[in-house]
Structures are given as C-alpha cells and as structure tokens.
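The sequence shown lines up with residues 1272 to 1469 when you count with this note's numbering.
All C-beta atoms, glycine included, are put in the ideal place defined by N, C-alpha and C.
Here the structure is a predicted model, which means the values were calculated and not measured.
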Amino acid sequence: GGSLKVLRRRIQLVMQDPADALSPRLTVEKLVREPLDITGELDDADRRRAVAEILESVGLPFTGSFLHARSHELSGGQLQRVALARALVVHPKLLVADEPTAMLDASEQARLLTVLRERQIEMGLGLVLVSHDMAVVRKVVDRVVVIDHGRVVEEGPSQQVAVAPVSMTARRLVAAAPSFAPLTDSPELSLCTDERTT
C-alpha cells in the first residue's frame, strides 16, 4: 500500500522509446503533470508551477502551443525530454534510464546527456544508465558495470574501462563507440551496460 507508493515516487524509469511509454492521447502538460496528480500532494497552482519548472529544467518551453501538443507532434528529442520531465517532476532519488539516447540524433543525444548531468547534480539524483554506447557511458557516468549474458564481466571507473578494458565484452563495446573527447567533472553515477551476444 503506502510504502509501495513512496517507493514508486523515489524510483522513476525512462524507457528507450518514449512513444511506446507515453500515452498518445495526453497533452504534454497532462503527461508531465499526471505523476503529481497521482500523488495528490500539491494544489493545482503548485502542480502547474512544478510542471513549468521541470519543463524549463529539461530545456522545453512552458507555452500554450507546446503544452497542448501530443506525442506525435514532437521530435524524438523533445519526446524523450518530456519523458524525462515526467520522471523527474516527483523528485525521485533514483532514475533508471534504459538506452535513453538510442533513438536520438547526435545533437539531441548531446542535449539529453547534458540535461541528465545537470539534473543529477542539481537534484542529487542517482542514475542507473543502461547503454551499449561507451561514448554515452563515459559522458554521463563515473562507474561502469559490464554485463554479458546476465553475468558481470567487468566493473570499474568509466575512464579506466574506456581506456583499458579487460574483458572481451568491454573491448567490443569500446571498439564500437564513436570517438569522443576526454571529459572532466564527470558526476558520480552508476551504469549497467548489457551486451547480449549470440
């Protein structure tokens, strides 16, 4: 009952394909506001203010035309940021992001990763990022767990795994990643990267 409700607020999920995860019947405003309506903790004015603040924090406008848009009217990047705003509006302690950049072009991918880093720092947010893309991994996390067929095959700091991978799975992931520049000030996040080989 009550403890499950609290747990659901503390842990939120962002899926790889937001079009499958978000109702096409709801407007952007209703999609982002719905978790607040479910918790019932804020009055109407505070809910509207919370929606405005979280949309702004993920780089989306709080304007009539955007608020009344539906998922099919948004770009992939906008839709993924709406999904992120929906997850963050209840101020979770942990966000599980399953391949959140997989369907985005390079510029939208960079924008979403920046938003994730900023929200992690600002909100003290824990993040479990599931990804096959070591370039994404290195930009967002400081610790990596590499899983192959359900087994942990490597674990360590993201810089170490990216520069000197030990396991064959990690070496394949690093070799497949596009080139990327060295990063500084990487926030402390967690990662699970799952390689399913045949």
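Reduced DSSP secondary structure (H/G/I, E/B, other) of residue i
i: residue 1389; result: helix
i: residue 1289; result: helix
i: residue 1444; result: helix
i: residue 1278; result: helix
i: residue 1408; result: helix
i: residue 1401; result: strand
i: residue 1456; result: Below a pLDDT of 50, predicted positions are generally treated as unreliable, and residue 1456, at 42, falls in that range; no measurement from the model is reported.
i: residue 1466; result: Confidence at residue 1466 is low in this model, with a pLDDT of 49, below 50, so the placement of that residue is unreliable and no value is reported for it.
i: residue 1437; result: coil
Member of the options whose CA lies at the smallest distance from the CA of residue i
i: residue 1312; options: 1438, 1354, 1361 and 1324; result: 1361
i: residue 1310; options: 1281, 1341 and 1333; result: 1281
i: residue 1415; options: 1440, 1342, 1379 and 1285; result: 1440
i: residue 1356; options: 1344, 1371 and 1409; result: 1371
i: residue 1277; options: 1307, 1291, 1297 and 1303; result: 1307
i: residue 1334; options: 1304, 1343, 1445 and 1323; result: 1323
i: residue 1284; options: 1401, 1328 and 1444; result: 1401
i: residue 1264; options: 1406, 1412, 1442 and 1405; result: With the chain covering 1272 to 1469 only, the question about residue 1264 has no answer from this structure.
i: residue 1408; options: 1319, 1302 and 1428; result: 1428
Nearest-angstrom Cβ-Cβ length linking residue i and residue j, presumed shorter than 8 Å
i: residue 1384; j: residue 1353; result: Wrong, their Cβ atoms sit about 17 Å apart, outside the cutoff.
i: residue 1339; j: residue 1295; result: That belief does not hold up - the Cβ atoms of residue 1339 and residue 1295 are roughly 14 Å apart, past 8 Å.
i: residue 1365; j: residue 1325; result: No, residue 1365 and residue 1325 are not in contact; Cβ-Cβ is about 17 Å, not under 8 Å.
- request: Write down every uninterrupted run of the beta strand (DSSP E) in the segment 1297–1369 whose length is 3 residues or greater and which is fully enclosed by it, in chain order.
  value: 1365–1369
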